[in-house]
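In full-length UniProt numbering, the protein residues as written are 1 to 309.
Quick reminder that beta carbons are idealized off the backbone N, C-alpha and C, glycines included.
Bear in mind the structure is a predicted one, so any value in this text is a computation, not a measurement.
For reference, the structure discussed in these notes is given below.
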């Protein structure tokens, strides 16, 4: 299968906000996984000599299946992004290239290395070796074309909060499960029920493969293609969602519906400027004990669902 990589390159103040908004533009047109170029992000220790060169400008790239609708989708995405850039005083340009799925699936692997997240979790790609140290918990992952390798701040923040908040036997729901990495972390830390939902069928296939690779076969987890309102049946003790702030706010009422009283929620994928909006939505929908934590301009918000009066 062939794909078109559509890259939207931009310049202006507050690039983290623009990254978030452009990712939302792609999502509006059914493109739910993007890659982000961040010129100011330094390579982390241990990436190896084949680490990616730093990009010159910030950019967001979405991958569009090459079919009869591809050109129309590209034009609509660029039009919406251009209108957004004009309103926010950003300069913007786009470029596209056709790629084979096989090339895409293999080319990025040289830049993905084992990484420790939190106190015990180590995320290890299947094609790398790693010698566990002490009480390390190693998660094997091949993210393929699904979002979530553990190296992005939004994912690592989620994993750290799961590590701190999980309780043995918890029923856990992952909304927008992507590669399945958050369910894998919850399962290895003692969760009793694992449920993931994603509106991308490719992501669900990737998540199923990764969960099975880590010992969570079909008998130990449930994965669904669709949305939270249609697919998830509670009650859950913990709900995690690593998706855009605008989407999170829409989902909060349904998250409250499937959580048991006193249940906890972990929300990430939120740029710093959107934290007040998310915390307000949680408060309005009956959540308390609200907290947030930042990492490189990205935030994770946690809260507990109040018991009925």
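- Under DSSP, residue 301 shares a beta bridge with 267, 292.
- Boundaries around residue 160 are those of the alpha helix (DSSP H), 153-165, since no beta strand (DSSP E) includes it.
- Residue burial annotation: residue 284 is exposed, with fewer than 16 other C-beta atoms found within 10 angstroms of its C-beta.
- Of the candidates 168, 91, 127, 39, the residue whose Cα lies closest to the Cα of residue 192 is 168.
- Taking the Cα positions, residue 15 is about 16 Å away from residue 245.
- In summary, residue 291 is exposed, with fewer than 16 beta-carbon neighbours lying within 10 Å of its beta-carbon over all protein chains present.
- Exclusion of the five residues before and after residue 299 leaves 270, 272, 275, 292 as the residues of its chain whose Cβ lies within less than 6 Å of its Cβ.
- Scanning its chain for C-beta atoms nearer than 6 Å, with the 5 sequence neighbours on each side dropped, one finds around residue 7 the residues 59, 61, 95, in chain order.
- For residue 173, DSSP records a beta bridge to 195, 239.
- Per DSSP, the beta bridge partners of residue 63 are 5.
- One alpha carbon belongs to residue 267, the other to residue 248, and they sit about 7 Å apart.
- Residue 10 carries a strand assignment under DSSP once its states are collapsed to helix, strand and coil.
- Taken through DSSP and simplified to helix, strand or coil, residue 56 comes out as coil.
- Judged by their CB atoms, residue 237 and residue 170 are nearer to each other than the 7 Å cut-off.
- Residue 20 sits in a helix when the DSSP states are folded into three classes.
- According to DSSP, residue pairing for residue 139 in a beta bridge involves 123.
- Comparing alpha carbon positions, the residue from 301, 161, 134, 1 closest to residue 288 is 301.
- Distance from the CA of residue 122 to the CA of residue 139, rounded to the nearest whole angstrom, comes to 6 Å.
- Non-local beta-carbon contacts of residue 257 in its own chain, meaning distances under 8 Å to residues more than five positions away in sequence, involve 234 in chain order.
- If you look at residue 31, you'll find it isn't in any beta strand (DSSP E); DSSP assigns it neither H nor E.
- Beta-bridge partners assigned by DSSP to residue 36: 60.
- Around residue 216, the same chain offers 183, 184, 187, 194 as residues with beta carbons nearer than 8 Å, after the five sequence neighbours per side are excluded.
- No residue range can be given for residue 133, since it is assigned to no alpha helix (DSSP H) and is classified by DSSP as neither H nor E.
- Apart from the 5 residues on each side of it in sequence, residue 243 sits with its Cβ closer than 6 Å to the Cβ of 176, 269 in its chain, given in chain order.
- Scanning its chain for C-beta atoms nearer than 6 Å, with the 5 sequence neighbours on each side dropped, one finds around residue 116 the residues 122, in chain order.
- The C-alpha of residue 251 is placed about 31 Å away from the C-alpha of residue 125.
- For residue 178, the closest alpha carbon among the candidates 205, 162, 161, 228 is that of 205.
- Cα atoms of residue 74 and residue 81: separation of roughly 11 Å, rounded to the nearest angstrom.
- The Cβ atoms of residue 197 and residue 232 lie closer than 7 Å to each other.
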